[in-house]
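Student: So that we are looking at the same thing, I have put the structure below in structure tokens.
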Amino acid sequence: MNDQPFLTLIDPQNGNLAFKVLGFDDSRHFDHVQRNNYYSLVWIKEGTGKVTADFAEYGFDENTLFSFSPYQPFMFAPGPIKGVAIHFHPDFFCIHKHQTEVACHGVLFNNIYQPPYTLIDQPSTSSLDFLIQQMKLEMKDPALAQYEILVSYLKIFLITASRLKAGQQPSIRGAENEKPFLLQTLKDSIEKDFKKKHLPSEYAESLNISPKALAKITKSYFNKTLTELISERIIIEAKRELYLTSKTIKEIAYELGYEDEHYFSRFFKTNADISPQLYRETVGVARGEN
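The working numbering puts the first residue of the sequence shown at 835, with every later residue one more than the last.
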């Protein structure tokens, strides 16, 4: 399918992957659980199948773009799919630091309320294909300011995909019954209180609904339990702090409502499949300050 199956830039300081464009014509690259220390954009251009991400399963058709954050577990079921993937390490381009420029944090990446995919329409297909070809040309024939050129192409790719995803996200308030308004209130409550409220029962109480009823509604709309939603939101914030700051793990734990640093570390590892310290050492841009 591709004239060159993959192109890779390596970080000369540590030998790790910095940026990669990978063409694929089957699922062998992704048919086992991935827990990478970089961002992945996986564009399925042909074929259908199923993907497991964060322990929820989703079906997909052709022209679907998946977005995965560092250490987010995902796996595609074996099958005949074709497409292209872009991998980039936070050292190469930091989503958190450039949020005002590309606005993809909470849209493409780290969106706990929506599936991790975007449907690519025909006009966007042409635009994204052009950007990928330009990335490949730049990587095959490097010249002055290669990093700046590649980051520019990546930004446009992310902005284009983010605009599509934002337009495809249904408004919870606009659904047909009274439940979505409750779920919008739940989302607002999690965003406001996740640092101090860690239990589903606390949210059920504040919403004046039984924990069992709220659990059933949450699962049916988000394909996740309320415990998973709360945990994911805490982990995203913890990763951001590990990622961008030089705060100690104890300080981060305390800010997130955990007085016991060791309990927090166990919670983090259970949900992120990696310890806070190792996450900082392999991903966090503030790791050199510790």
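Beta carbons: idealized from backbone N, C-alpha and C, even for Gly. It should be emphasised that the depicted structure is a prediction, and the values quoted were computed from it without experimental measurement.
When DSSP labels each residue in this structure, what does residue 1096 get in the three-state scheme?
Tutor: Taking the sequence shown and counting its residues from 1, the one referred to as residue 1096 is at position 262. Correct three-state label for residue 1096: helix.
Student: Count Cβ pairs between the stretch 869-877 and the stretch 1099-1118 that sit closer than 8 Å; are there 3 or more?
Tutor: Touching, per the Cβ criterion.
Student: Please report the Cβ distance between residue 901 and residue 950, rounded to the nearest whole angstrom; I am assuming they are in contact, meaning their Cβ atoms lie under 8 Å.
Tutor: By 1-based counting over the sequence shown, the position of residue 901 is 67. By 1-based counting over the sequence shown, the position of residue 950 is 116. Yes, they are in contact, since the Cβ atoms of residue 901 and residue 950 sit about 6 Å apart, within 8 Å.
Student: Could you have a look at residue 868 and say whether DSSP puts it in helix, strand or coil?
Tutor: Taking the sequence shown and counting its residues from 1, the one referred to as residue 868 is at position 34. Residue 868: strand per DSSP, three-state reduction.
Student: Could you tell me the alpha carbon to alpha carbon distance between residue 976 and residue 852, rounded to whole angstroms?
Tutor: Numbered from its first residue, the sequence shown carries residue 976 at position 142. Numbered from its first residue, the sequence shown carries residue 852 at position 18. Answer to the nearest angstrom: the Cα atoms are 15 Å apart.
Student: Going by C-alpha distance, which of 1073, 1082, 987, 1115 is nearest residue 1102?
Tutor: Against the sequence shown, residue 1102 aligns to sequence position 268. It is 1073 whose Cα lies nearest to the Cα of residue 1102.
Student: Relative to the C-alpha of residue 1079, which residue among 965, 931, 1067, 896 is closest?
Tutor: Locating residue 1079 in the sequence shown gives position 245, counting from the first residue. For residue 1079, the nearest C-alpha among the options comes from 931.
Student: Mind the definition here: the stretch 844-864 touches the stretch 915-928 only if three or more C-beta pairs lie below 8 Å; say whether that holds.
Tutor: Result yes; three or more Cβ-Cβ pairs closer than 8 Å.
Student: Can you check which of these residues, 1031, 944, 1014, is closest to residue 1133 by C-alpha distance?
Tutor: The structure shown does not extend to residue 1133, since the chain is modelled only from 835 to 1124, so the question has no answer here.
Student: Need the endpoints of the beta strand (DSSP E) that residue 883 sits in, please.
Tutor: If you number the sequence shown from 1, residue 883 lands on position 49. Residues 883-887.
Student: Could you tell me how far apart the beta carbons of residue 1041 and residue 1016 are, in whole angstroms, since I believe they sit closer than 8 Å?
Tutor: Your numbering for residue 1041 matches position 207 in the sequence shown. Your numbering for residue 1016 matches position 182 in the sequence shown. With a Cβ gap of about 6 Å, residue 1041 and residue 1016 count as contacting.
Student: Apart from the five residues on each side of it in sequence, which residues of its chain come closer than 6 Å, Cβ to Cβ, to residue 877?
Tutor: Position 43 of the sequence shown, counted from the start, is the residue given in the question as residue 877. Within the same chain, residue 877 has close Cβ partners 899, 917, 918.
Student: Taking residue 1035 as part of the alpha helix (DSSP H), name the residues at either end of that continuous run.
Tutor: The residue given as residue 1035 occupies position 201 in the sequence shown. Taken as a continuous stretch (DSSP letters only), the alpha helix (DSSP H) holding residue 1035 covers 1034-1040.
Student: In this structure, does DSSP put residue 910 in helix, strand or coil?
Tutor: Here residue 910 is taken as the residue at index 76 of the sequence shown, counted from 1. Residue 910: strand per DSSP, three-state reduction.
Student: Is it true that the stretch 881-897 meets the stretch 948-968, where meeting means three or more beta-carbon pairs spaced less than 8 Å apart?
Tutor: In short, these stretches touch, since the Cβ pair count reaches three.
Student: What three-state label does DSSP hand residue 901 in the structure shown?
Tutor: Within the sequence shown, numbered from 1, the residue matching residue 901 stands at position 67. Of the three classes helix, strand and coil, the one that applies to residue 901 here is strand, per DSSP.
Student: In angstroms, rounded to a whole number, what distance separates the CA positions of residue 968 and residue 987?
Tutor: The residue labelled residue 968 in the question sits at position 134 within the sequence shown. The residue labelled residue 987 in the question sits at position 153 within the sequence shown. Residue 968 and residue 987: Cα-Cα distance of roughly 8 Å.
Student: Please report the distance separating the alpha-carbon of residue 984 from that of residue 994.
Tutor: Against the sequence shown, residue 984 aligns to sequence position 150. Against the sequence shown, residue 994 aligns to sequence position 160. Approximately 15 Å between the Cα atoms of the pair.
Student: Could you compute how far the alpha carbon of residue 850 sits from the alpha carbon of residue 926?
Tutor: Your numbering for residue 850 matches position 16 in the sequence shown. Your numbering for residue 926 matches position 92 in the sequence shown. Each residue's alpha carbon lies about 11 Å from the other.
Student: Alpha carbon to alpha carbon, what distance is there between residue 879 and residue 1064?
Tutor: In the sequence shown, residue 1064 corresponds to position 230, counting from 1. In the sequence shown, residue 879 corresponds to position 45, counting from 1. Distance between the alpha carbons of residue 1064 and residue 879: 33 Å.
Student: Report, in whole angstroms, the separation of the C-beta atoms of residue 909 and residue 886, which I expect to be a contact under 8 Å.
Tutor: Reading the sequence shown from its first residue, position 75 is the one you call residue 909. Reading the sequence shown from its first residue, position 52 is the one you call residue 886. Contact holds; Cβ gap of about 5 Å.
Student: When you compare only the Cα positions, how much space is there between residue 1047 and residue 1019?
Tutor: Residue numbering aside, residue 1047 sits at position 213 when the sequence shown is read from its first letter. Residue numbering aside, residue 1019 sits at position 185 when the sequence shown is read from its first letter. Each residue's Cα considered, the two are about 15 Å apart.
Student: With burial defined as no fewer than 16 other Cβ atoms inside 10 Å of the residue's Cβ, what is the status of residue 1087: buried or exposed?
Tutor: The sequence position of residue 1087 within the sequence shown is 253, counting from 1. Residue 1087 should be labelled buried.
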